[in-house]
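The next block holds one structure in the form of structure tokens; read it before the comments.
In the working numbering, the protein residues as written are 9 to 340.
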């Protein structure tokens with residue numbers, strides 16, 4: 009499906025962004041913005057107009073710098089625990105996270121990230137999982153200040169307009185490019201669009217404090233197209249990094265998925281097997297709720313994950329997780 013089909017939008021009306029004192033939206037005379045750019049610009053303006061206290065929470069981020077020689081610590085095999093197995097939901101990562109939030113869990117979502125370009129092509133490109141999270145949530149505030157020193161307007165097809173927000177959201181310590189097994193933990197991410205509406209409309213800003221909170225685990229997917237080969241041992245370490253971050257930060261649920269199985273061409277059967285081995289091995293008993301969000305309507309990804317982790321509806325998930333203990337820690 010094209011982005012236009014997934015994200016039907018109409019041109020935004022010009023409005024004043026109070027934090028910039030400038031006309032936003034498409035008010036710049038003669039400026040053409042593609043549908044992805046309009047969507048992302050509206051999202052950024054919405055975020056930067058939030059109360060400072062909330063915005064600063066959304067900006068939180070912490071990086072880890074694991075490598076193959078110094079990977080995330082391997083967990084001692086946990087005692088056997090009776091808990092529901094992992095399942096597949098036929099939906100995107102944000103939608104799966106919100107489903108778990110509605111059930112009272114505190115999920116951490118794996119972002120299938122570009123390890124060099126912050127957010128991939130979030131402000132202009134089509135439909136990667138990472139770009140989808142950027143458009144539907146507050147993740148931009150957490151990651152964009154930590155981009156590479158040479159990343160910005162005009163770089164890698166980025167629109168010049170992206171530089172207009174630099175004064176409001178100044179640069180911080182660069183976290184990009186990632187170390188080969190590194191990652192970034194963003195603890196306070198909120199969905200900012202109504203994902204149940206066909207037009208994915210931005211939610212009312214005055215309701216921001218009541219919107220569900222989830223964490224995002226940004227780990228670079230292995231780029232098989234660029235590297236020319238797939239390394240299973242590297243995938244194991246990257247997956248371990250993500251599960252380590254979720255574990256040490258006390259999450260009771262994880263949203264995983266077809267990590268790198270799109271543009272980066274990782275083999276879905278192997279990715280599913282690696283996650284299954286980790287979840288049933290050293291991370292057994294760690295996460296009461298384990299969901300793989302796979303939005304494909306058909307194809308190799310849905311087949312690979314749906315055959316290993318039963319394809320389940322949100323209503324069925326509620327039944328499966330009924331009575332499962334939730335994390336007692338606050339998400340706010």
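Don't be surprised by glycine CBs; every beta carbon is placed ideally from N, CA and C.
Inter-residue distance for residue 308 and residue 276 is about 7 Å (C-alpha atoms, whole angstroms). Taking the Cα of residue 180 as reference, the smallest distance to any Cα among 96, 166, 149 is reached at 149. Every unbroken stretch of the alpha helix (DSSP H) spanning 4 or more residues and falling wholly within the region 239-305 is given here in chain order: 240-256, 276-288. Look at the beta carbons and you see the region 228-241 not touching the region 255-264: under three pairs across the two are nearer than 8 Å. In the DSSP assignment, residue 197 falls within the unbroken beta strand (DSSP E) covering 191-198.
Taking C-alpha positions only, residue 176 is separated from residue 165 by approximately 22 Å.
Counting C-beta atoms within 10 angstroms of its own C-beta, residue 305 has fewer than 16 neighbours from the protein chains shown and is therefore classed as exposed. Following the DSSP letters along the chain, one finds residue 325 inside the alpha helix (DSSP H) bounded by residues 322-328.
Under DSSP, residue 120 takes part in a beta bridge, and its partners are 227. In the DSSP annotation of this structure, the continuous segment of the beta strand (DSSP E) that includes residue 97 starts and ends at 95-97. Taking a cut-off of 8 Å for Cβ pairs, the region 282-290 and the region 129-137 do not touch, as fewer than three such pairs fall below it. With a beta-carbon spacing of about 27 Å, residue 333 and residue 100 fall beyond the 8 Å limit used to define contacts. Nearest Cα to residue 91 within the set 272, 221, 298, 44: 298. Boundaries of the beta strand (DSSP E) around residue 70: 70-72.
For residue 67 and residue 83, the gap between their C-alpha atoms comes out near 29 Å. A contact is defined here as three or more CB-CB pairs under 8 Å, and the region 208-225 fails this definition with respect to the region 152-171. The region 60-79 makes contact with the region 184-192, as at least three CB pairs between them are under 8 Å. DSSP places residue 216 outside any alpha helix (DSSP H), giving it a letter other than H or E. Scanning 269, 227, 328 for the CA closest to the CA of residue 122 turns up 227.
Within the model, the alpha-carbon separation for residue 131 versus residue 315 is close to 34 Å. Distances from the CA of residue 317 to each of 43, 97, 78, 63 were compared; the closest alpha carbon is that of 97. Annotation: residue 273 to residue 311 spans about 16 Å, alpha carbon to alpha carbon. Annotation: residue 199 to residue 237 spans about 35 Å, alpha carbon to alpha carbon. Pairing residue 279 with residue 117 gives a Cβ-Cβ distance that is not under 8 Å.
Its chain contains 298, 317, 318 as the residues whose beta carbon lies nearer than 8 Å to that of residue 93, once the 5 sequence neighbours on both sides are disregarded; these appear in chain order. Counting only residues of its own chain and dropping the five nearest sequence neighbours on each side, residue 65 has a CB closer than 6 Å to the CB of 196. DSSP places residue 115 in the strand class (E or B) of the three-state scheme. Using a 10 angstroms sphere on the CB of residue 102, the tally of other CB atoms reaches 16 or more, which defines it as buried. By the 16-neighbour rule on beta-carbons within 10 angstroms, residue 323 is exposed. When the alpha-carbon of residue 205 is set against those of 144, 243, 248, the nearest one is in 144.
With fewer than 16 other Cβ atoms from the protein chains shown falling within 10 Å of its own Cβ, residue 218 counts as exposed.
A check of alpha carbon separations from residue 107 across 325, 63, 335 identifies 325 as the nearest.
115 is the residue among 60, 47, 40, 115 whose C-alpha sits nearest the C-alpha of residue 220. Scanning its chain for C-beta atoms nearer than 6 Å, with the 5 sequence neighbours on each side dropped, one finds around residue 255 the residues 294, in chain order. In this structure, DSSP gives residue 136 a state outside helix and strand, which the three-state scheme calls coil.
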